[in-house]
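Have a look at the structure below, then the notes.
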Amino acid sequence: MPTNFTVVPVEDGRKPAQGDSDDNSVLKEEDEETVGDGNPRESSPFIHNTDDYKGTLYDGKNMALFEEEMDSNPMVSSLLSKLANYTNLTQGVREHEEADEDEGAKKKTVKSPQMGTFIGVYLPCLQNILGVILFLRMTWIVGTAGILESFIIVSMCCSCTMLTAISMSAIATNGVVPAGGSYYMISRSLGPEFGGAVGLCFYLGTTFAGAMYILGTIEIFLTYIVPSAAIFKAEEKALEAEAMLNNMRVYGTCCLTLMAVVVFVGVKYVNKLALVFLACVVLSILSIYAGVFKTIFEPPIFPVCLLGNRTLQNHGFDKCMKTEIIDNETVTTRLWALFCDGPELNASCNEYFSLNNVTVIQGIPGLTSGAISENMWGTYGPAGMMVEKDLPSVPAIDSSQDKDMPYVLNDITTFFTLLVGIYFPSVTGIMAGSNRSGDLRDAQRSIPIGTILAIATTTIIYLSCVVLFGASIDGVVLRDKFGDSVKGNLVIGTLSWPSPWVIVIGSFFSCCGAGLQSLTGAPRLLQAIARDGIVPFLEVFGHGKANGEPTWALLLTALICESGILIASLDAVAPILSMFFLMCYLFVNLACALQTLLRTPNWRPRFKFYHWTLSFLGMSLCLALMFISSWYYALVAMLIAGCIYKYIEYRGAEKEWGDGIRGVSLNAARFALIRLEEAPPHTKNWRPQLLVLLNLDTELSVKHPRLLSFTTQLKAGKGLTIVASVLEGTYLTKDTEAKQAEQNIKSAMSAEKTKGFCHVVVSSNQRDGISHLIQSAGLGGMKHNSVLMAWPTNWRQSNDPQTWKNFIETVRETTAAHLALLVAKNVDSFPHQERLSEGTIDVWWIVHDGGMLMLLPFLLRQHKVWRKCKMRIFTVAQLDDNSIQMKKDLQMFLYHLRLNAEVEVVEMHDSDISAFTYEKTLVMEQRSQMLKQMQLSRTEREREIQSITDESRSSIRRKNHSGAHGSGLNNQISQLDEEKQEEAQLIHDRNTASHAALNDKADAAPERVHMTWTKEKFFTERNRNREQNATMAVRDLFNMKPEWESLNQSNVRCMHTAVKLNEVVVNKSQGAHLVLLNMPGPPKNRGGDENYMEFMEVMMEGLNRVLLVRGGGREVITIYS
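The sequence shown maps to residues 756 to 1876 in our numbering.
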C-alpha cells in the first residue's frame, strides 16, 4: 500500500558541455521555453529544441529546399538520435540531477534501468497491498461480518482496485509517465486544479497510511511481543482501553521519530531493506496456508474457556474449571477467585458464575470440523457486548457486575459499513508499479501486466483467507480482536505453521517496512506537487538538501503522521486514509473515462483492454465505498479537495498540460455554441455582450483604462466581453507589436478585474479594422450585441479628420449590424473602484430604444460602485400630451418592469429658434465650408478663419444696436457673444488637412420641431407670444440677416434641438453621477458628418459623465416573467 519512490541511477547518453541543457528533459512536459512567437510551449524533440545540433543538421545539398526551416524543424535523423538517447528518470534521480545542475557539479555516470515486470511491478504491488489489516483485523472482520458478508466486502474493494488498475494501465501506457505516479497521471489528465487537489489527497492518504502502519507496529509490539513494556497500566478493567491508547501514543511518537530520522539520513537503506520486508510478508502468507492445511490432519491445541455461552479472557487462570480435587479434597481454582469474594467454597460469587458451568472448546477446530456453517452469518453489536457462542446458558437476573468480569467484549460498536472502511486500506497500494515507472525496462508493458496480476493474486489470497478462516477457526475466537481467549496470542498466528511467532515477527517487520516506505514516498509526492508550482503556499516544500532530498516535506509529513498517531486507534485511522485513497482512485477512473469519451487525438494507450463503462463503474464504486465507509469522512475529504481545487483555481499558477478537463470544456463550449446558434436569444435571456473598442497610445498602452472599469461594472449581466483594438499596418510587420499590445491589454484587464477575451487586429487603417471587428468578433451564438467605446474628446483640435470620421462610421456600422452602441464621454472621470456616495443615475428617455436605457442603470446598480445611487427617469412631453397621465403610465410601466426609479415628465412646446441657435449654426457651416475648400496654405487658412470670426462678431454688434428686443433676447445675445469668443478660439486652433466629401445641399422641407420643455420656459414663451411687437421685432431682425436666410434649415433645427435639450438636461441633471442620453443617429448624407459631431458636443455641453445609448433595434427588457 505505501508509495515507493526508488532512486535508481540512469546513464546519460553523452557528456554535457558547461551550460548545456539536459537532453533527458526533451519530453518533460513541465519544462517550458519561449520561442520566436513569444508564447511558452512545451519542450519537445519535434520542434525548436535543436540548439545542441545546429551545424550538424544540414550537410550537403540534398535538402537545400528545407534549409531555411532547419532551425525550427530538425531533420528526422536528428530527432531519432535524440529519442534514442532519451532516458526516463525516476523522481529521486531527477531531483538529484536538478540539484547537481543547480550546484553546477558534474553529473554522475549511472546505469540505465533494467527492471522487469516481476521485480519492478508485481512484487512491489504485492508487498504494498498485503499489509497490517490482513494480519491484525482480517480474522475479526470475518468473525464479525460472517463469511458471506466478508466475501462481499472483499469482492467490492478488490473490484474497485481492479477497475482502477485497468484505468490506470490505460493512462500509464498512453505515453511516458515520469515519476510522480498517480499524481502525475491525474494532474496531466484532469488539469492542475484536479491534479493538485487529488495529489494532495493522495499525499494525505499516504501520510495517514504511515500512521496506520506505525500504530499496527506498536499494537503488535505491546500486545503480542512484549506486553510488559506498557508504560500506562490500568488498575481497573474499564480503564484498560484508555491506558492502551496512551501507550500507543507514546510508543507511536517514538517510533515515528526514529523512522523519520532513518528516512532523513538515507533513503537508500530503506530501499535496500525492501526485499527483507517483502520476504517477511511472503513467509507469513505461506505459513498461514501451511497451518490451514495442517488443521485437516492435526489441529493446533488452543483451548478456549467458556462460562455458560460467554467467552472468558484466558489471562488470570491456568485451568478452565471452578474447582478441582487435590488429595481427595475439593479446592477452588484461580478462575473461582476471579468471580468470587474468596477461595472458600461458600464464598459469595457472581450470579451468572454460580448458575452456569464452564466448558472448554477448541479454538482451532480444523478445516473439516464444520465451523464454516457456524461462521456463515455476521454477529454485530454495540461496544461492551460479550462475545458469546451459540450454547445453552442460564441468564442472571443481576448483570450489573458483568462488565468487571474477565469476559471477552466488543471494544467498539460494529456494523457493516464500519468494516468496509477498516478493510479497504488492505487493498490499496496498487500505484506502486506506476510510481516505479522510471525503473522499468518497458514501463508500458510492465505496469499493466504487473499491477493487474498483483491485484488478481491478492484478491485470491483475501477471498481464500475469508473462507479458510471461517472454516478453520471457531467463531468466538474470530470475534476476539486481540486474542484474549487464546492467552493473548495473535488470532491469525494460532493458525500458522510451524509457530505463531512466524506471523508475529513477520507482521511486525512488514508493518515497520510499510511505515518507512510511506514516510519515504509521501514527502517526495509533496515535493513533486510543490515543484509543479500549482499551489503557491506549498512552494517551500519543493526545496530540500543539496542532493534533492525533501527535508521540509519530510518534516510536514511527520507532523501530519503524528496527528494520526495521536488518534491512537487503528480502527479510527483506517477509514480516514480509505477516504483519501478512494478519492484518488475515483479521479483515476474519471480521467480514463473522460479521455476515452473525448477521443482526444493524443489518446492512444498501448493497453487495449479498457472501456469507458468500466471506468465509470469503477468511479461509481469508489464513490459508493466512500459513503458506505463513512459518510461524514467522505464529506470532509470532498470538502478538503474542493477547497484545494478552488484555491488553485483562484491563486494557483496557470498550467497548460493538455488535460481532459480542458477537452471537456472545449466540447461543452462547442455543443453550447451550436445550440445557441439555432435561434436568437429571447428577450428574457438578453444581456449585454460587449465589444469594447480601446484606443492605444504610441507605447501600445491603453489610453482609457477607466473604460475597462466601466465594463466590469456593467458585467452584472454576466455576458460576454471582448476587448479589442486596431493597429495600423500589415500583420507581417506588426505581429510583434500586436502581441505586445495584446499583452498590455490583458494586463490592464487584470488590473481592472475585467474578465473576458482580448483581440488585437492589424489592419491597413483604423476604419477597416473596426469594421472587421464589428462583423467578425465572437463565435457562433456567442457574439457581441453591444459596442462600447469612448467619445473622441479632442476631435476639434485633432490634425487628422479621420478621428471623428472613424467614429461616425462606427456608429453607422453598428446600426447596420443591429448592434447597441454605448459611447462614454469624459470616461477618464468615471469611477474606478471607489464606491460612490448617494447620488443619482439620470436617464433621459427621449425615444424608445428597446429598453436599453432602462436596463443599463439596473445592471450598474448591481455593482458595489453604483449600489447607493438612485435611478431617475426623465421623459419628454409635447404640448398636446397629458403629462400627468404620462407620469402615471410610466410609473406603472416601471412597476411591471420591477425597476425602482423616480419619474419626472419634462414639458416643452414648439418654440421659436433663437438668434443664438442661428449664430451657432452659421459659425458651424462657415467653418465646414472653409475646411472643404481646395488645399490652402496654413497662413491663408488662418487668415480665412480670422475673417469669419470678425464677421461673426460684427453681426453680433449690429444685433446689439437693435432697439426692438425683449429682455429674454438681450440675455441670449449676451450669452451668444461669450459662446462666439470660445468658438472662434476653437476654430483658430483647428488646423486640419483639406479633404473632399460629397455635400448634398438639398434642403428638407421645414417640419414642426418638438422638444422637451419646462413650465417656467412655457410661461416665458407664452408671455413673449403675447407681446406682438417684440415678436415682429425678432422677425424683422431675421429679415435683416441675409446670412441666416441662406442657412440649411435642417442644420438650424438640429442645432435648436441640441441647444434646447442641453438647457433642460443641464438644469435637471448637472449634479448626477451619470447621465444616460438617447444617441441620435448620424445623417444619411455624409456631407453633414462634422455638423453631427457639433450637435453631439452642444447636446452634452456642461455635463460631466455622459453615456450615449443607441439601441440595436430589438427589445432587451420585458414585463413578462
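Glycine included, C-beta positions come from ideal geometry on N, C-alpha and C.
Next on the checklist: Which residue marks the beginning of the alpha helix (DSSP H) containing residue 1526, and which one marks its end?
Outcome noted: As a working mapping, residue 1526 is identified with position 771 in the sequence shown. Per DSSP, the continuous alpha helix (DSSP H) segment holding residue 1526 begins and ends at 1521–1531.
Next on the checklist: My output table needs one value for residue 1362: the three-state DSSP class, helix, strand or coil.
Outcome noted: Here residue 1362 refers to the residue found at position 607 of the sequence shown. When secondary structure is reduced to three states using DSSP, residue 1362 falls in the coil class, being assigned neither helix nor strand.
Checklist entry - From residue 1589 to residue 1826, what does the alpha carbon distance come to, in whole angstroms? => result Counting from one through the sequence shown, the residue named residue 1589 turns up at place 834. Counting from one through the sequence shown, the residue named residue 1826 turns up at place 1071. Straight-line spacing of the CA atoms in residue 1589 and residue 1826 works out to 18 Å.
Checklist entry - Cα separation between residue 1080 and residue 1109? => result Position 325 of the sequence shown, counted from the first residue, corresponds to residue 1080. Position 354 of the sequence shown, counted from the first residue, corresponds to residue 1109. Using only the alpha carbons, I get a separation of about 19 Å.
Checklist entry - So, helix, strand or coil for residue 1632, using DSSP? => result Counting from 1 along the sequence shown, the entry for residue 1632 is found at position 877. Residue state, collapsed to three classes: strand.
Checklist entry - Nearest to residue 1363 by CA position, among 1044, 922 and 967, is which residue? => result Counting from 1 along the sequence shown, the entry for residue 1363 is found at position 608. Per the Cα distances, 922.
Next on the checklist: Please state the DSSP three-state secondary structure of residue 928.
Outcome noted: Within the sequence shown, the letter at position 173 stands for residue 928. Residue 928 carries a coil assignment under DSSP once its states are collapsed to helix, strand and coil.
Item to check | Whole-Å CB distance - residue 1270 paired with residue 972, under 8 Å assumed | outcome: Here residue 1270 corresponds to residue number 515 of the sequence shown, with the count starting at 1. Here residue 972 corresponds to residue number 217 of the sequence shown, with the count starting at 1. Yes, residue 1270 and residue 972 are in contact; Cβ-Cβ is about 6 Å, under 8 Å.
Checklist entry - Are residue 1185 and residue 880 touching if we call contact CB-CB under 8 Å? => result Here the question's residue 1185 lines up with position 430 in the sequence shown. Here the question's residue 880 lines up with position 125 in the sequence shown. Cβ distance < 8 Å, so residue 1185 and residue 880 count as in contact.
Checklist entry - What are the complete alpha helix (DSSP H) segments, minimum 4 residues, inside the segment 1366–1430? => result Entirely contained in the segment 1366–1430, the alpha helix (DSSP H) runs reaching 4 residues are, in chain order, 1367–1384 and 1386–1406.
Next on the checklist: Considering Cα atoms alone, identify which of 1157, 882 and 965 is closest to residue 1040.
Outcome noted: The residue given as residue 1040 occupies position 285 in the sequence shown. Residue 1040 has its Cα closest to that of 882, out of 1157, 882 and 965.
Checklist entry - Is residue 1381 buried or exposed, if buried means 16 or more other CB atoms sit within 10 Å of its CB? => result Taking the first residue of the sequence shown as position 1, residue 1381 is located at position 626. The residue is buried, with at least 16 neighbouring Cβ atoms inside 10 Å.
Next on the checklist: Whole angstroms are fine: how far does the CA of residue 1505 sit from the CA of residue 1212?
Outcome noted: Here the question's residue 1212 lines up with position 457 in the sequence shown. Here the question's residue 1505 lines up with position 750 in the sequence shown. Distance between the alpha carbons of residue 1212 and residue 1505 is about 55 Å.
Checklist entry - Per the contact definition of three or more C-beta pairs closer than 8 Å, is the segment 993–1013 in contact with the segment 972–984? => result Cβ pair count under 8 Å is three or more, so yes.
Next on the checklist: For residue 958 and residue 1313, which I take to be in contact (beta-carbon distance under 8 Å), what is that distance rounded to the nearest angstrom?
Outcome noted: To locate residue 958, count along the sequence shown from 1; it is residue 203. To locate residue 1313, count along the sequence shown from 1; it is residue 558. With a contact defined as Cβ atoms closer than 8 Å, residue 958 and residue 1313 miss out at about 13 Å.
Checklist entry - Quick one: what's got a C-beta closer than 8 Å to residue 1207's C-beta in the same chain, skipping five residues either side? => result Taking the sequence shown and counting its residues from 1, one reaches residue 1207 at position 452. Around residue 1207: 917, 920, 921 and 924.
Item to check | Close-in-space but distant-in-sequence residues of the same chain around residue 1122 (CB under 8 Å, 5 per side omitted) | outcome: The count along the sequence shown starts at 1 and reaches residue 1122 at position 367. Hits under 8 Å: 1047, 1048, 1050, 1051, 1223, 1226 and 1227.
Next on the checklist: I need the boundaries of the beta strand (DSSP E) containing residue 1115, first residue and last residue.
Outcome noted: Within the sequence shown, the letter at position 360 stands for residue 1115. Taken as a continuous stretch (DSSP letters only), the beta strand (DSSP E) holding residue 1115 covers 1113–1117.
Item to check | Three-way DSSP call (helix, strand, coil) for residue 1600 in this model | outcome: By one-based count along the sequence shown, residue 1600 stands at place 845. Correct three-state label for residue 1600: strand.
Next on the checklist: Give me, in chain order, the residues of the same chain whose beta-carbon lies closer than 8 Å to that of residue 1499; leave out the 5 immediate sequence neighbours on both sides.
Outcome noted: For this step, residue 1499 is matched to residue 744 along the sequence shown. Contacts found: 1451, 1455, 1456 and 1457.
Next on the checklist: For residue 1074 and residue 1116, what's the separation of their Cα atoms in angstroms?
Outcome noted: In the sequence shown, the residue the question calls residue 1074 occupies position 319. In the sequence shown, the residue the question calls residue 1116 occupies position 361. About 13 Å.
Item to check | Inter-residue spacing [alpha-carbon to alpha-carbon] between residue 929 and residue 1199 | outcome: Looking up residue 929 in the sequence shown gives position 174. Looking up residue 1199 in the sequence shown gives position 444. Rounded to whole angstroms, residue 929 to residue 1199 spans 8 Å at the Cα level.
Checklist entry - Any contact of the segment 1377–1391 with the segment 907–917, i.e. 3+ C-beta pairs under 8 Å? => result Enough Cβ pairs lie closer than 8 Å, so yes.
Checklist entry - Within this structure, are the beta carbons of residue 1661 and residue 1613 separated by less than 8 Å? => result Walking along the sequence shown from the start, residue 1661 turns up at place 906. Walking along the sequence shown from the start, residue 1613 turns up at place 858. Residue 1613 sits away from residue 1661, with the two beta carbons spaced by 8 Å or more.
Checklist entry - Since residue 1065 sits in a beta bridge, which residues does DSSP pair it with? => result As a working mapping, residue 1065 is identified with position 310 in the sequence shown. Answer is 1062 and 1143.
Checklist entry - Which of the three DSSP states, helix, strand or coil, is assigned to residue 1860? => result Translated into positions along the sequence shown, residue 1860 becomes position 1105. Collapsing the DSSP output to three states places residue 1860 in coil.
Checklist entry - Enumerated in chain order, which unbroken segments of the alpha helix (DSSP H) with a length of 4 residues or greater are wholly contained in the segment 1284–1324? => result For the segment 1284–1324, the full-length alpha helix (DSSP H) segments reaching 4 residues or more read 1306–1322 along the chain.
Item to check | Nonlocal neighbours in the same chain, by C-beta distance under 7 Å from residue 1298, ignoring five residues either side | outcome: Numbered from 1 along the sequence shown, position 543 holds the residue referred to as residue 1298. So the list reads 1307, once near-sequence residues are dropped.
Item to check | residue 1624 - containing beta strand (DSSP E), residue span | outcome: In the sequence shown, counting from the first residue as 1, residue 1624 sits at position 869. Counting along the chain, residue 1624 falls outside any beta strand (DSSP E), and DSSP gives it neither H nor E.
Checklist entry - Is the Cβ-Cβ distance between residue 1001 and residue 1019 less than 8 Å? => result On the sequence shown, residue 1001 is found 246 positions in, with the first residue counted as 1. On the sequence shown, residue 1019 is found 264 positions in, with the first residue counted as 1. Result no, Cβ atoms of residue 1001 and residue 1019 do not sit closer than 8 Å.
Checklist entry - Candidates 1248, 1507 and 1525: which alpha carbon is nearest residue 1514's? => result As a working note, residue 1514 is residue 759 in the sequence shown. Nearest in C-alpha terms to residue 1514, of all of 1248, 1507 and 1525, is 1525.
Checklist entry - residue 1239 to residue 1339, Cα distance in whole Å? => result For the purposes of this step, residue 1239 is taken as residue 484 along the sequence shown, with counting starting at 1. For the purposes of this step, residue 1339 is taken as residue 584 along the sequence shown, with counting starting at 1. Cα to Cα, the separation comes out at about 38 Å.
Item to check | Buried or exposed by the 16-neighbour rule on C-beta atoms within 10 Å, applied to residue 1103 | outcome: Stepping through the sequence shown from its first residue, residue 1103 is reached at position 348. Flag for residue 1103 reads exposed.
Item to check | Closest by C-alpha distance to residue 1390, when choosing among 1137, 1405, 1333 and 891 | outcome: Here the question's residue 1390 lines up with position 635 in the sequence shown. If we check each option's Cα against that of residue 1390, 1333 comes out closest.
Checklist entry - Which term fits residue 1217, buried or exposed, when burial requires 16 or more other beta carbons within 10 angstroms of its beta carbon? => result Mapped onto the sequence shown, residue 1217 falls at position 462. Under the 10 Å beta carbon count, residue 1217 is surrounded by 16 or more other beta carbons and is classified as buried.
Next on the checklist: Quick check on this structure: which residue in 1617, 1578, 1856 and 1822 has the alpha carbon closest to the alpha carbon of residue 1834?
Outcome noted: Locating residue 1834 in the sequence shown gives position 1079, counting from the first residue. Selected option, being the one with the closest Cα: 1578.
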